[in-house]
Amino acid sequence: MDGNGRWAKKRFLPRAAGHKAGVDAVRKVSRAARELGLECLTLYAFSSENWKRPEQEISDLTGLMKHFIRSDIAELHANDVRLRVIGDYRAFDDEVVELIEGALEKTRDNRGHTLVIALNYGAQDELARAAAKAAEKGPITPAAIEAELDTAGLPPLDLLIRTSGEVRLSNFLLWQVAYAELYFTDMLWPDFDKEALSAALENFAARERRYGGL
Ligand code: IPE
Ligand code: MG
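Per the working numbering: the sequence shown = residues 14 to 227.
Here it is as structure tokens:
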């Protein structure tokens, strides 16, 4: 989810207004993903590198996380959505951690759809942690690493979308992206909606996936 700051700048608004609009997009795109029949949607909300941002912006972002969990978890639960978090969310303040754990607990048995939020997530960190855990248990094989990833048990990654015109992965799901299809759009995240998601899915559906075969 990239482009909140540029979305705000275009409107002569503070960056915080862009992040707020970004949360509205999260709500809409999460609903759209369910309506379009997706099994799982993962959103990169806060990277392990985002701590480099000014303190005020980090506090705006954590404020929005709290607000989102408080205001949206009932709807998610009512719609049979299971929440998962990847990344080390324990780095956030106690209130955020409590809210997250409450939401994970409340929705853990839901099976209609899985909404995964990446919080304080970095793929290199995830891989290092997974490899260390795998090594404790036995030989380090791809399957052994896979079983220790934060995404263990989630369906394979099919499509990765990045908004705002940047064409890079920025430490997101580096292991899982092995055979995923990549989709880049110039649209800024707050403008991304059901129509944009449908367009990405239509593009994905037209691709030929060979997984190294013929
Ligand atoms: C959202 O967009 C990223 C986060 C959710 C932290 P940015 O804040 O990176 O917006 P730009 O790249 O400055 O436009
Ligand atoms: Mg950005």
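Every residue gets a Cβ at the ideal spot worked out from N, C-alpha and C, and that includes glycine.
Cβ-Cβ distances below 7 Å link Leu74 to His32, Phe59 in the same chain, with the five nearest sequence neighbours on each side left out; the list follows chain order.
Contact annotation, Leu49 with Leu195: C-beta distance approximately 19 Å; criterion of less than 8 Å not satisfied.
Of the residues Val94, Asn184, Ala34, Ile174, the one whose Cα lies closest to the Cα of Asn216 is Ile174. Going by beta carbons, Glu159 and Lys146 fall outside the 8 Å limit.
Per DSSP, the continuous alpha helix (DSSP H) segment holding Val110 begins and ends at 107-120. Between the segment 130-149 and the segment 15-31 there are fewer than three C-beta pairs closer than 8 Å, too few to call the two in contact. For Arg83 and Leu112, the gap between their C-alpha atoms comes out near 8 Å.
Taking a contact to require three or more Cβ pairs closer than 8 Å, the segment 106-122 and the segment 171-190 do not qualify as touching.
Arg19 has its CB nearer than 7 Å to a heavy atom of the ligand IPE. Of the candidates Gly226, Phe205, Ala219, Tyr224, the residue whose Cα lies closest to the Cα of Ala46 is Phe205. The ligand IPE has a heavy atom closer than 7 Å to the beta-carbon of Ala58.
The closest heavy atom of the ligand MG lies 7 Å or more from the beta carbon of Asp204. In the DSSP assignment, His126 is bridged to Val94.
Using a cutoff of 7 Å, the CB of Asp73 does not count as near the ligand MG, since none of the ligand's heavy atoms is closer than that.
Taken through DSSP and simplified to helix, strand or coil, Ala38 comes out as helix. For Thr75, the three-state secondary structure derived from DSSP is helix.
Counting along the chain, Phe217 sits inside the alpha helix (DSSP H) bounded by residues 207-218. Under the three-state reduction of DSSP output, Asn133 falls in the strand class. Just measuring C-alpha positions, the residue of Lys65, Gly100, His80, Asp199 sitting nearest Arg40 is His80. Of the residues assessed, Ala131 falls on the buried side of the cut-off, its CB having 16 or more other CB atoms within 10 angstroms. Shown here, Tyr224 sits in coil according to DSSP, grouped into three states, outside any helix or strand.
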